[in-house]
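>
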Amino acid sequence: MNKLLKTVLLFSAAISIIPSGTAFADDKLETATTKFVDANGVKFSYRTLGPKAGTPLIFLQHFTGNMDAWDPAVVNALAKNRPVVVFNNRGVGSTNGVVADNITQMTTDAYAFIQALGYKQVDLLGFSLGGFIAQELAAQYPELVRKVILAGTTYQGGGNNLMKVLGEAFSRENAQDPRDYLFFSQSDAGKQAAAAFLSRVYARQAGRDPESGKEIADAHGKALIVWTSTPDPEFKTLKAIQQPVLVVTGSNDTMLPTEGSITLFKEIKNAQLVLYPDANHGSIFQYHDAFVNTADFFLSH
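Start counting at 1 in the sequence shown, then tack on 1337, and there's your number in my numbering.
1) Given a cut-off of 7 angstroms, decide if residue 1443 and residue 1425 are closer than it, judged by their beta-carbon atoms.
2) Tell me, which residues are paired with residue 1609 by DSSP?
3) Could you check the C-alpha separation between residue 1535 and residue 1525 for me, to the nearest Å?
4) Would you call residue 1509 buried or exposed, if buried means 16 or more other Cβ atoms sit within 10 Å of its Cβ?
5) Which residues in the same chain as residue 1359 place their Cβ atom closer than 7 angstroms to its Cβ, once the five residues preceding and following it in sequence are excluded?
6) At what residue ranges does the stretch 1398 to 1477 contain a whole run of the alpha helix (DSSP H), taking only runs of 4 or more?
7) Check whether the Cβ atoms of residue 1369 and residue 1386 sit closer than 7 angstroms, and answer yes or no.
8) Exposed or buried, what is residue 1362 when buried is set at 16 or more other beta-carbons lying within 10 Å of its beta-carbon?
9) Out of curiosity, what's the CA-to-CA distance linking residue 1487 and residue 1522?
10) Are the CB atoms of residue 1585 and residue 1621 nearer to each other than 7 angstroms?
11) Considering only the alpha carbon of each residue, which of 1401, 1396, 1381 and 1373 lies closest to residue 1548?
12) I need the DSSP call for residue 1337, collapsed to helix, strand or coil.
13) Terminal residues of the continuous beta strand (DSSP E) containing residue 1382?
14) Could you check what DSSP says for residue 1340 in three-state terms: helix, strand or coil?
15) So residue 1384 and residue 1371 are in contact, right, with Cβ under 8 angstroms, and what is the actual spacing, rounded?
16) Pick from 1403, 1633, 1467 and 1439: whose alpha carbon is nearest that of residue 1430?
17) Going by other Cβ atoms of all chains shown within 10 Å of its Cβ, with 16 needed for buried, is residue 1566 buried or exposed?
18) Can you give me the Cβ contacts of residue 1605 inside the same chain, cut-off strictly under 6 angstroms, excluding the 5 residues immediately before and after it?
19) What are the boundary residues of the alpha helix (DSSP H) that includes residue 1559?
20) Would you kindly report the start and end of the unbroken alpha helix (DSSP H) that includes residue 1627?
21) Hey, residue 1474 and residue 1466 are a contact pair by Cβ (cut 8 angstroms); roughly how many whole angstroms apart?
22) Any idea what DSSP makes of residue 1389, helix, strand or coil?
23) Distance, Cα to Cα, residue 1354 vs residue 1635?
24) Does any residue of chain D have a CB that is nearer than 7 angstroms to the CB of residue 1408?
25) Just to check, is the beta-carbon of residue 1602 closer than 6 angstroms to a non-hydrogen atom of the ligand SAM?
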């Protein structure tokens, strides 16, 4: 079988084969019950979706994001075939404690949270800043982490345009939610996708997480800027990651430049790369159906 034909067949399988799951009837991010668990001196808030059996998929969130910042179109669909866990790290949303201002502490806390739930092996989906934590967990705990999805993220020392794009997003007239600018392209298609995304993330009515304020933004901003500005010239972290990795980003990520994802693909031993056209930082939300199909195939095979 030639390489082109094999690629076509694999792609066809990825978009058509989704094994049946046994998700609970009420398992939607919009209505899932918020639970709490104590670990590492912190009372973590979290929600679980999907079947009880299978390798859990742990979602690791972006700069200032809480559980309600995830897109239900992604979370609910991935939970059809596996247990899914979303949570707030230290000091974010309904999790108590002083918010961490460095990736090392965030990683330590995420590991403690996973251990507190009793999981022996997990998969990770790290988006943006959450992708930094996912890389550190995969490198440090190879026996715990089975597979990793890195979405809209970069490597240590890969640089960032955080302050620039935040300034642009908030300087617009009548800017209601910066994510329509930060996550999506400004083409007609991108703007339509942004509007649909925002309607989904605000769908939960009762029991929403508290919104992040200046304290969280300052701490997360420091963590993101320091980690992406601290060189790792030999790519020690990336070379320590032996697990299968799916790297996903948009064609023009303005916050964590697309080139960083390409470097992840090149330097991680067992990585594959998906680039979505006319897409920005939140490509997995703009192309949520395509992303879920690809991610589901990656996690299931």
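Even for Gly, the Cβ is constructed at its ideal location relative to N, Cα and C. Here the structure is a predicted model, which is why all the values come from computation and not from measurement.
Answer, in terms of the structure:
1) no
2) 1583
3) 16 angstroms
4) exposed
5) Unreliable positioning characterises residue 1359 in this predicted model, as indicated by a pLDDT of 39, which lies under 50. The coordinate reading is nonetheless provided below. 1388.
6) 1409 to 1415, 1440 to 1453 and 1466 to 1477
7) yes
8) Only weak support exists for where residue 1362 lies, its pLDDT of 38 falling under 50; the value from the coordinates is given anyway. Per the 10 Å Cβ criterion, exposed.
9) 20 angstroms
10) yes
11) 1401
12) A question about residue 1337 goes unanswered here, because the residues of the chain that appear run from 1338 up to 1638.
13) 1379 to 1386
14) Note that residue 1340 scores a pLDDT of 37, beneath 50, so its modelled location is shaky; the value from the coordinates is reported in the next line. In this structure, residue 1340 counts as helix in the three-state DSSP scheme.
15) 6 angstroms
16) 1403
17) exposed
18) 1575, 1578 and 1582
19) 1551 to 1566
20) 1625 to 1637
21) Not a contact, Cβ separation roughly 13 angstroms.
22) coil
23) At residue 1354, the pLDDT of 35 sits below 50, so the modelled position is not reliable; the number obtained from the coordinates is stated separately. So the alpha carbons of these two residues sit roughly 11 angstroms apart.
24) Protein chain content of the structure displayed is limited to a single chain, and chain D is not contained in it.
25) This structure lacks the ligand SAM, and indeed carries no ligand of any kind.
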